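Right, one structure below, let's go through it.
Shown next as C-alpha coordinates:
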(Lines of atoms letter the chains of each structure in order from A and count residues from 1; the text may use other names and numbers.)
(Lines give C-alpha, C1' and ligand atoms only; values in the text may rest on other atoms or scores of the structure.)
Protein backbone atom coordinates (compact mmCIF):
# COMPACT_ATOMS: atom_id res chain seq x y z
CA UNK A 1 0.00 0.00 0.00
CA UNK A 2 1.22 3.48 -0.80
CA UNK A 3 2.67 5.55 2.01
CA UNK A 4 0.50 8.67 1.56
CA UNK A 5 2.07 10.56 4.46
CA UNK A 6 5.53 10.11 2.93
CA UNK A 7 4.20 11.13 -0.49
CA UNK A 8 2.47 14.23 0.93
CA UNK A 9 5.54 15.25 2.94
CA UNK A 10 7.75 14.89 -0.14
CA UNK A 11 5.37 16.92 -2.29
CA UNK A 12 5.00 19.59 0.39
CA UNK A 13 8.76 19.96 0.74
CA UNK A 14 9.32 20.17 -3.02
CA UNK A 15 6.54 22.74 -3.48
CA UNK A 16 7.92 24.80 -0.60
CA UNK A 17 11.39 24.70 -2.19
CA UNK A 18 9.94 25.77 -5.55
CA UNK A 19 8.08 28.71 -3.98
CA UNK A 20 11.24 29.81 -2.17
CA UNK A 21 13.22 29.63 -5.41
CA UNK A 22 10.64 31.75 -7.23
CA UNK A 23 10.59 34.31 -4.41
CA UNK A 24 14.38 34.60 -4.47
CA UNK A 25 14.35 35.03 -8.25
CA UNK A 26 11.72 37.76 -7.99
CA UNK A 27 13.64 39.54 -5.23
CA UNK A 28 16.87 39.37 -7.25
CA UNK A 29 15.14 40.80 -10.31
CA UNK A 30 13.55 43.60 -8.29
CA UNK A 31 16.92 44.49 -6.76
CA UNK A 32 18.52 44.58 -10.22
CA UNK A 33 15.75 46.85 -11.47
CA UNK A 34 15.97 49.20 -8.50
CA UNK A 35 19.77 49.43 -8.66
CA UNK A 36 19.78 50.21 -12.38
CA UNK A 37 19.92 53.85 -13.42
CA UNK A 38 19.59 53.38 -17.15
CA UNK A 39 15.83 53.12 -17.36
CA UNK A 40 13.00 55.59 -17.29
CA UNK A 41 9.55 54.70 -16.04
CA UNK A 42 6.80 56.05 -18.29
CA UNK A 43 3.13 55.87 -17.42
CA UNK A 44 0.99 54.91 -20.39
CA UNK A 45 -2.64 55.94 -20.36
CA UNK A 46 -5.31 54.49 -22.59
CA UNK A 47 -8.14 56.56 -24.00
CA UNK A 48 -11.33 56.14 -22.01
CA UNK A 49 -13.23 54.92 -25.08
CA UNK A 50 -11.60 52.55 -27.57
CA UNK A 51 -11.79 53.50 -31.22
CA UNK A 52 -12.77 51.13 -34.04
CA UNK A 53 -9.16 49.96 -34.48
CA UNK A 54 -9.04 48.44 -30.97
CA UNK A 55 -11.78 45.92 -31.69
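Numbering (my numbering), first residue to last: 31 to 85. Yeah, the Cβ is synthetic: ideal placement off N, Cα and C, and Gly gets one too. Remember, predicted model here, so these are calculated numbers, not experimental data.
DSSP state of residue 48 mapped onto helix, strand, coil: helix
Euclidean distance between Cα positions of residue 36 and residue 42: 10 Å
Residue 55 in three-state terms, based on DSSP: Here residue 55 sits in helix by DSSP.
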